[in-house]
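Visitor: For reference, the structure I am asking about is given below.
Numbering (the numbering used here), first residue to last: 19 to 234.
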């Protein structure tokens, strides 16, 4: 088991490195480009919003509440988006529980999300492998019990992608948070638990090997 700390995850198609100010210009190019696929996704619109987004992410990292990444094309080094571990859970274990107490800084559960990508990186091996790397770190290095993913309940494309990864729908939380297009957002809440990971890993590896595009 490893404690939560900034890290880089390297794959054949993607490199996930700690999000920093050096990535702002690359992300700026994305938010200034086509936004057709961002309708239901909270994505900054201006440089000021982007800088605030980074500041909040880094503050959450200092509190060990999140680990934000810049998503880079491993072949070119181009910034193609961002993603993160968030809502990192450190459970208080009551006396008599069969859940073992973990070393300080080691989480019991985590969420993968806050993901947005430039359109030409969506539905490619870049995002598939990013999810593969993050799930592997969560289940194999942190040994978490659960990984959560969530999306706007109206976002059929995102929900289909999450289900193709192998996550199960836990339910829809109504009026969960502000929606990207205004008003309260109903959220479709998905999860994967540790016992499901080996089969999911094998499927993701097979898809990457044959060039499949299962995630968005």
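Virtual Cβ for every residue (Gly too), placed ideally from N, Cα, C. The model shown is predicted, which means the values in this text are computed figures rather than measured ones.
Use the C-beta contact count for residue 250: other C-beta atoms within 10 angstroms, 16 or more gives buried, fewer gives exposed.
Guide: Within the shown structure, residues of the chain are numbered from 19 to 234, placing residue 250 beyond reach of any answer.
Visitor: DSSP beta-bridge partners for residue 210?
Guide: If you number the chain shown from 1, residue 210 lands on position 192. Looking at the DSSP assignment, residue 210 forms a beta bridge with 165.
Visitor: For residue 71, which residues in the same chain have their Cβ closer than 6 Å to its Cβ, ignoring the five residues on either side in sequence?
Guide: On the chain shown, position 53 is the one that residue 71 refers to. Residues of the same chain with a CB within less than 6 Å of the CB of residue 71, apart from the 5 flanking positions on each side, are 62 in chain order.
Visitor: What is the DSSP secondary structure of residue 30, reduced to helix, strand or coil?
Guide: Position 12 of the chain shown, counting from 1, holds the residue named residue 30. Of the three classes helix, strand and coil, the one that applies to residue 30 here is coil, per DSSP.
Visitor: Does DSSP classify residue 175 as helix, strand or coil?
Guide: For the purposes of this step, residue 175 is taken as the residue at position 157 of the chain shown. Secondary structure at residue 175: helix, using DSSP grouped into helix, strand and coil.
Visitor: My understanding is that residue 118 touches residue 19, with C-beta atoms under 8 Å, so please give their C-beta distance in whole angstroms.
Guide: On the chain shown, position 100 is the one that residue 118 refers to. On the chain shown, position 1 is the one that residue 19 refers to. Contact doesn't hold; Cβ gap of about 10 Å is too wide.
Visitor: With a threshold of 6 Å on Cβ separation, who are the neighbours of residue 31 within its own chain once the five nearest residues in sequence on each side are excluded?
Guide: Sequence index remark: in the chain shown, residue 31 carries index 13 (1-based). Around residue 31, the same chain offers 92, 143, 144, 147 as residues with beta carbons nearer than 6 Å, after the five sequence neighbours per side are excluded.
Visitor: What's the C-alpha gap between residue 212 and residue 153?
Guide: Position 194 of the chain shown, counted from the first residue, corresponds to residue 212. Position 135 of the chain shown, counted from the first residue, corresponds to residue 153. Cα to Cα, residue 212 sits roughly 10 Å from residue 153.
Visitor: With residue 209 and residue 164 assumed to form a contact (beta carbons below 8 Å), what rounded beta-carbon distance in angstroms separates them?
Guide: To locate residue 209, count along the chain shown from 1; it is residue 191. To locate residue 164, count along the chain shown from 1; it is residue 146. About 5 Å separates the two Cβ atoms, so the contact holds.
Visitor: Taking the alpha carbon of residue 229 as the reference point, which residue from 59, 76, 141, 81 has its own alpha carbon closest?
Guide: Counted from its first residue, the chain shown places residue 229 at position 211. A check of alpha carbon separations from residue 229 across 59, 76, 141, 81 identifies 141 as the nearest.
Visitor: Would residue 169 and residue 134 qualify as a contact pair, given that the criterion is a beta-carbon distance under 8 Å?
Guide: Residue numbering aside, residue 169 sits at position 151 when the chain shown is read from its first letter. Residue numbering aside, residue 134 sits at position 116 when the chain shown is read from its first letter. When the beta-carbon positions are compared, residue 169 and residue 134 stay at least 8 Å from each other.
Visitor: Among the candidates 214, 110, 73, 194, whose CA atom is the shortest distance from the CA of residue 42?
Guide: Stepping through the chain shown from its first residue, residue 42 is reached at position 24. Measuring from the Cα of residue 42, the nearest candidate turns out to be 73.
Visitor: Say whether the segment 217-228 touches the segment 172-190, bearing in mind that this needs 3 or more beta-carbon pairs closer than 8 Å, one atom from each stretch.
Guide: yes
Visitor: Under the three-state reduction of DSSP, which class applies to residue 153: helix, strand or coil?
Guide: Along the chain shown, one-based indexing puts residue 153 at 135. Helix at residue 153.
Visitor: Less than 7 Å between C-beta atoms, sequence neighbours within five positions excluded: which residues of the same chain meet that for residue 22?
Guide: Numbered from 1 along the chain shown, position 4 holds the residue referred to as residue 22. By the criterion of a C-beta distance shorter than 7 Å, residue 22 is surrounded in its chain by 82, 85, 106, 123, 125, once the five residues flanking it on both sides are discounted.
Visitor: Can the beta-carbon of residue 158 be found closer than 8 Å to that of residue 88?
Guide: The sequence position of residue 158 within the chain shown is 140, counting from 1. The sequence position of residue 88 within the chain shown is 70, counting from 1. Contact flag unset, no.
Visitor: Could you pull the DSSP bridge partners for residue 103 from this structure?
Guide: By one-based count along the chain shown, residue 103 stands at place 85. 85, 130.
Visitor: Closer than 6 Å by C-beta to residue 48: which residues in its own chain qualify, once you throw out the five before and the five after it? Chain order, please.
Guide: Here residue 48 is taken as the residue at index 30 of the chain shown, counted from 1. Within the same chain, residue 48 has close Cβ partners 136.
Visitor: So is residue 178 buried or exposed if we call it buried at 16+ other beta carbons inside 10 Å?
Guide: Position 160 of the chain shown, counted from the start, is the residue given in the question as residue 178. Exposed, by the Cβ-count rule.
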